[in-house]
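Student: The number in our numbering is simply the position in the sequence shown, starting from 1, with 211 added. Take a look at the following structure, please.
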Amino acid sequence: MYATRSQIPAGLWQQHFADAQHSVDILVFAATFLFDTVDGFVDTLVDAAGRGVAVRLLIGDPDGASMILRGQEEDIGEAVIARCRTTVELLAPRATRSGLQIRMHQTTLYTSMFRVDDDMIVNFHIYGSPGRSNPVMVFARADEPRLWATFGQAFDRVWDNAKPLTNDPIRT
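Given below as structure tokens:
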């Protein structure tokens, strides 16, 4: 457990994604911190997909009502929307890469999830508080199988209701 996401060492994020062998599932609004923290973050995901790793990303739809609401709840105006738009623009050019699936969601998030193979990092979202200031849990499937299943079901529900990102974000 980490009291805040900002306490997680950059190396932990780097290793988490670089070690992917079978699957990567990410559920976030924007996670712009990953583009700044993990050296070559997008290339790491593209490389993993090229090795046959199933990579699924769920990012917030910048035009979704939940992004407006989140900005109001955190009292940061349209910053969440801007971050989501930035993430869409960074990922859209790779949206058609084989093995790399990217969808946009309009879900209210209670946690952001970063699942790689049998390890997961979960960033909780406390009302009115930005993700970087909230607690994070790191755990393995073997240690918490019921918790793992709960998070997996949540990811799948969001995935099933999300729309694919195209390589032309204006037409998505």
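Cβ coordinates follow ideal geometry from the N, Cα and C atoms, glycine included. If you're wondering where the values come from, they're calculated on a predicted model, not measured in any experiment.
Going along the chain, which unbroken runs of the alpha helix (DSSP H) with 4 or more residues stay wholly within the stretch 212–276?
Tutor: As far as the stretch 212–276 is concerned, its whole alpha helix (DSSP H) runs of at least 4 residues are 221–229, 243–248 and 252–261.
Student: Evaluate Leu256 with the Cβ neighbour count: other Cβ atoms within 10 Å of its Cβ, from every protein chain shown; 16 or more gives buried, anything less gives exposed.
Tutor: It is buried - the Cβ of Leu256 has at least 16 other Cβ atoms within 10 Å.
Student: Drop a sphere of 10 angstroms on the beta-carbon of Ala260, count the other beta-carbons inside from all chains shown, and report buried for 16 or more, exposed for fewer.
Tutor: Burial call: buried.
Student: Anyone know if the C-beta pair for Val327 and Ala231 falls short of 8 Å?
Tutor: For Val327 and Ala231, yes; Cβs fall inside 8 Å.
Student: Do Phe244 and Arg305 come within 8 Å of each other at the CB atom, strictly closer than that value?
Tutor: no
Student: Give the secondary structure of Thr322 by DSSP, where H, G and I count as helix, E and B as strand, and everything else as coil.
Tutor: strand
Student: Given this structure, state the Cα-to-Cα distance separating Arg308 from Cys295, to the nearest angstrom.
Tutor: 20 Å
Student: Once the 5 residues before and after Ser217 are set aside, which same chain residues still bring their CB inside 8 Å of it?
Tutor: Arg343 and Ser344
Student: Just the C-alpha distance for Met315 and Leu376, rounded to the nearest angstrom, thanks.
Tutor: 6 Å
Student: Ignore the nearest five residues each way along the sequence and tell me which others in Leu268's own chain have a CB closer than 6 Å to its CB.
Tutor: Ile237 and Ile313
Student: Can you tell me the Cα-Cα spacing of Pro273 and Ala303, whole angstroms?
Tutor: Taking the straight line from one Cα to the other gives about 13 Å.
Student: Can you name, in chain order, every residue of its own chain whose Cβ lies under 8 Å from the Cβ of Asp329, other than the five neighbours on each side?
Tutor: Ala351, Arg352 and Ala353
Student: Would you tell me roughly how many angstroms separate the C-alpha atoms of Phe246 and Val349, rounded to the nearest one?
Tutor: 20 Å
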